[in-house]
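In the order they appear, the protein sequences are chains A, B and C.
Using the working numbering, read the first sequence as starting at 1 and increasing by one per residue.
Using the working numbering, read the second sequence as starting at 312 and increasing by one per residue.
Using the working numbering, read the third sequence as starting at 582 and increasing by one per residue.
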Amino acid sequence: MASLVRPGADARALAAPRVDRQPWGAIVLFLLPAFTVYTALTAYPVLRTLWNSAHTVLPHSAQFTGLANYAALAHDDIFWRSVRNTFVWSCVSPVTEVSIGLLLALALYARIPGRRFFRIAWFTPVLMSYVIVGIIWVWIYNYDWGAANAILRAIGLGRYVQAWIGDPKIALPSLIFVTTWMWTGFNMVVLLAAMHSLPSEVLEAAELDNCGWMAKLWHVVIPLIRPTILNLIVLSFIGKMKIFDLVWITTKGGPLWSTETVSTYLYKRAFEWSTFDLGYPSTIAVVWFVIVLAGVFALTWLFRQRERLEF
Amino acid sequence: MLTRAVLFIVVGLYTAFAAGPFLWVASMSMRTTSEISLDHYAWPAKWHWEKFAQAWFNSNYNVYFENSLLVVVSAVAVLTVVGSMAAHCFARYRFPANRVLYFVIFSTIIFPPQITIIALFQILVQYGLYDSLLGLALVYVAVQLPLTVYVLESFFARIPGDLFDAARIDGYSEWQIFWKVSLPIALPAIATAVILNTILLWNEFLYAVVLITDESKRTLPLGIQRFMGDQLEDVGMIATGLMIAIVPVVLIYVFFSEKLIQGMTAGAVK
Amino acid sequence: MRALRWLLAVVVIAFASSAFAQQMKLTLWSHWAAEKIKRDFVEDAIKRFESTHPNVKIEATWYEKNALYAALKTALRAGTGPDIFYAEPDQVEYMENGLLLDLTPLNWSGIEPWAKEIWTYKGKPYGLPLEAWTVELYYNKKTLADLGVAVPANLQLSSDAFGDLVKKARAKNITPMSLGVGDRPFPGAFLVHEALVKKLGIAAYTELLEGKLSWSDPRVIDTLKLIRSWTDAGLLPTTFTTLKLGESHTYFYSNPGAATFLMGSFYSSRAFNPPDKGGEPAGFQVGIMQYPAMPGAACNECRTLAVGGSYVVNAGTKHPKEAIDFLNAFVDPAMANRWLEEVVVQTGVKADLSKIGGPHAAYLKDLFAADANAKYFFGLPSQRMQGKPREVFTQVFNNAFPAGTIGVDDAVKQMNAAYAR
């Protein structure tokens, strides 16, 4: 998370030990286990994936193919479809999740009774694994007896019942709805914590100025928690770029690739297509890695703080 | 006041929306599949507690639960030790490569799992760790290391330096300073990291599905699919299985919600 | 005396250790964990083999198909796979990567030549074609009688008569055809490829699957439009996309019951189980007819014959001779007959049809009657296509097209694009 003001930065300057000679032995000792794990299971795999992408990797042999995989990838319309789907997901989700979370946080901030209960209730979706969420929502979206259609029929809107995850046109929005359901509660809790940590003088000052609650909200509270909001947007973006479990349990990328994400397509190419080759899926991984990094950098650059807030 | 009433309605609806599915699964876990097919939304007429015993003893859920427990506990233990050592080092020692190395570890948070998963599969197969709980636990440590280091480092950095100076004057070695000064004070952050890692790894699916195939080594997220067999979906038993997977996490949350929220919001809040 | 005792001891030890050394264990991984009859058949074959080969022990592990494939892919890659395992002919990746043992030493004179052909790769055979099956149109005799639909003597309705059946069934709120693609990539496609093989005839159909004939050919489009008219009239269950294979069986017989069921002849593996294990309820009368005739067809008696479950040997096995001996034990008319009588589905092994008896003899008679005069195309599309065309075919013709979520023109466009590389 690219937090824009490093927490504890000032504290560190004060807390820096005043030693003249670095205890190198201790430093190495402290860092060794972490970096061993990191090198063996993160850094090395990345390099190996890169190597794979330039080869055809079969069980007993690996042939160098240079950029052939990349050339094939450029024409792979299923891949580009999955990129598009994932991007749509990553761009729409932060908007819905954070805005609804913000509204809910404000509702709780207004000190309605039973706050603790609501906070716990709204946080439960986040605690469930994507597998569980997927299974539950496949049931909810069931055409015949699922809650979604049952509710529509019960309130007389029976003509709007759909095959929510069976229709290529609405399968992806249906899944985006599920992740929104999951993460809005999380965003709400974070934003609420942020609001509570605002110094009360500012809010009281706004009160004195006779601001209406709407004005207070827009001009005072939101700008003050802007960094938190931006962090949540970036978090949500990254999270959706990685998504696999939910799609795998609900639609497996169907129907007609309307919910195919890069991770499901990669899994299929690596483990389900009629081939043992791991080179091509590695190519997908490398290209996707570059795209994700670019996306994150773009977002962070977009959100860089233009002015420091003084208070 | 009208706004208050509207507020209440909105809040109420949202609560039904957020918690409703959970309650539905909870009630279905107490009913048999035939009862459910008759009416999917009725409250349990007869509370079939025995289904939990059935899932646990007859359908291997005890195996899945144990596997999950084993993998998660060992991974979290290793993460805590390794992560706090690294975090302590980054936070308290000034050395030239400090920020660079920290950034190297921290930046992997944004790596999509796809970039490593194929190679991890190859590596584990090569070293005979494929389809083993040990292999999975090691991968979990690597996966959660960046987040752990991040959460702990910001806390370690806030500890006042005088404590360390005092300890040094008293003749403590660097390791003792870590063990006897840093760790005890950082206990709240460590607790947070532990809870966070436990919840995230308990629910982890992608690495588990790629790296484990043997039925007897499955973790809970994989095992839940056991009831999705050849024939008609056994909705009742699946619901029971889901509850077995959800309840531990919910319990952790209910008891530790403050810590958890602190931890999860640590980086997000400015 | 002493020397003699020592000699005796040495001889005994030598014998014991050599006997011990010759005790061989072969591992076998197979699908059909849930299909008791097939499982029993194979386990029985194992017992027979072990009794004639006392130094060999075969340890079988039973899986569900998808789980088996996942376990195999990784085990083979790691070099730890079983000696013998279940495979289907569409898994060319095993042969392409040299993971299978050349099965030339099998007794191929006892196996149908077309079955050998399906398992031949670069001139060498690699699998024992145990299970073979055709796509049959099963029907509920009572329901059809109630609907007033008479099955003609040649067991094939005309496409008009079939369309009529669809309308009549819908009018009485009965699903005309049970079919489900929830957990398999081939059942939905039966609708399309059985029609196409008839309309085009074997040669043109082969070209179509190989990408040499465009999918925009008017014969293909006409056929697709005809099928679309049936699905639009409510041919399939509303839960088609999520209905599982096992569930589609029970959907057909009783829950809620359908008029017809388009399924492979391995229908019997589930249908003849006890009712509470997914089998037909007591008193259920199943009939078998052919897929409806296509108007203007090149070959209305053409149909697909696929080799299904087969056994292959791991190229890295340490006991190749014993493994081949085990597979050879299946190549025997008595075994084939037993398969036909007990498992009630076709086999690639030559059987002695004059001696078929058993509890399901009547069903087998019906099955062979439906296949009389048939001309066969060997292999499902998914067994004859690879890579992108196969993926697109599965998504389009197994799932989307029968479900009605993609139109004829779009479907054709996608297929043509899939081959154009």
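Beta carbons are placed, not taken as given, at the ideal position from N, Cα and C, and that holds for glycine.
B/Ala337 and B/Gly552 have their C-alpha atoms roughly 10 Å apart.
Taking a C-beta cut-off of 9 Å against chain A, none of the residues of the stretch 854 to 879 of chain C qualify. Of the other Cβ atoms in all chains shown, fewer than 16 fall within 10 Å of the Cβ of C/Asp741; this residue is therefore exposed. Between B/Ser568 and A/Ile120, the C-beta gap is smaller than 8 Å, which places the two residues in contact. Listed as beta-bridge partners of C/Arg884 by DSSP are C/Tyr957. For the stretch 652 to 665 of chain C, the beta-carbon criterion of a distance under 9 Å to any beta-carbon of chain A is satisfied by Lys654, Thr655, Leu657, Arg658, Ala659 and Gly660.
Taking a beta-carbon distance threshold of 8 Å, B/Ala478 does not count as an interface residue toward chain A. Close to chain C, meaning a Cβ-Cβ distance shorter than 8 Å, are the following residues of the stretch 236 to 263 of chain A: Gly254, Pro255, Leu256 and Trp257. Remark: C-beta atoms of C/Leu781 and C/Arg800 approach each other more closely than 8 Å.
If you look at C/Tyr720, you'll find it in the beta strand (DSSP E) that goes Ala713 to Asn721. At least one C-beta of chain C is nearer than 8 Å to the C-beta of A/Tyr143. In the three-state reduction of the DSSP assignment, A/Val57 falls in the strand class.
By the rule that beta-carbons nearer than 8 Å mark a contact, A/Phe79 does not touch chain C. Contact with chain B is found for A/Pro23, since one of that chain's Cβ atoms lies less than 8 Å from the residue's Cβ. Among the residues facing chain A, C/Ile987 is included, as its CB has a counterpart in that chain under 8 Å away. Within 10 angstroms of the beta-carbon of B/Lys491 lie fewer than 16 other beta-carbons, which makes it exposed. Under the Cβ distance rule, A/Phe123 counts among the residues neighbouring chain B, one pair being separated by less than 8 Å. Near chain C, meaning a CB-to-CB distance below 7 Å, the residues of the stretch 507 to 527 of chain B are Thr524. In summary, A/Phe186 is buried, with 16 or more beta-carbon neighbours lying within 10 Å of its beta-carbon over all protein chains present. The beta carbon of A/Ala171 sits no closer than 8 Å to any beta carbon of chain B. Taken atom to atom, the span from the alpha-carbon of C/Val637 to that of C/Phe907 is near 10 Å. Closest in C-alpha terms to B/Tyr564, from the list A/Leu103, A/Pro59 and A/Pro125, comes A/Pro125. With a 10 Å radius around the Cβ and a threshold of 16 neighbouring Cβ atoms, A/Trp301 comes out exposed. Boundaries around C/Glu640 are those of the beta strand (DSSP E), Val637 to Trp643, since no alpha helix (DSSP H) includes it.
Residue range Asp77 to Tyr109 is occupied by the alpha helix (DSSP H) that includes A/Trp80. Interface flag for B/Tyr441 against chain C is set, since a Cβ pair is found closer than 8 Å. C/Glu645 and A/Ser274 have their C-alpha atoms roughly 18 Å apart. In this structure, C/Glu677 is the residue among C/Gly827, C/Glu677 and C/Asn895 with its C-alpha nearest to the C-alpha of C/Tyr702. Between A/Ser93 and A/Tyr141 the beta-carbon gap is near 18 Å, outside 8 Å, which marks them as no contact. At least one beta carbon of chain B lies nearer than 8 Å to the beta carbon of A/Leu278.
The beta carbon of C/Thr756 does not come within 8 Å of any beta carbon belonging to chain A, so the residue lies off that interface. Using a C-beta cut-off of 8 Å, the stretch 89 to 109 of chain A makes contact with the stretch 183 to 198 of chain A, since at least three inter-stretch Cβ pairs fall below that distance.
DSSP, reduced to helix, strand and coil, places C/Val762 outside both helices and strands of the structure shown, so it counts as coil.
B/Lys357 sits in coil when the DSSP states are folded into three classes, being neither helix nor strand. Chain-order list of chain B residues neighbouring A/Phe64: empty, with the shortest C-beta distance near 17 Å, by a criterion of under 9 Å. Assignment of beta-bridge partners to C/Lys606 by DSSP yields C/Lys638.
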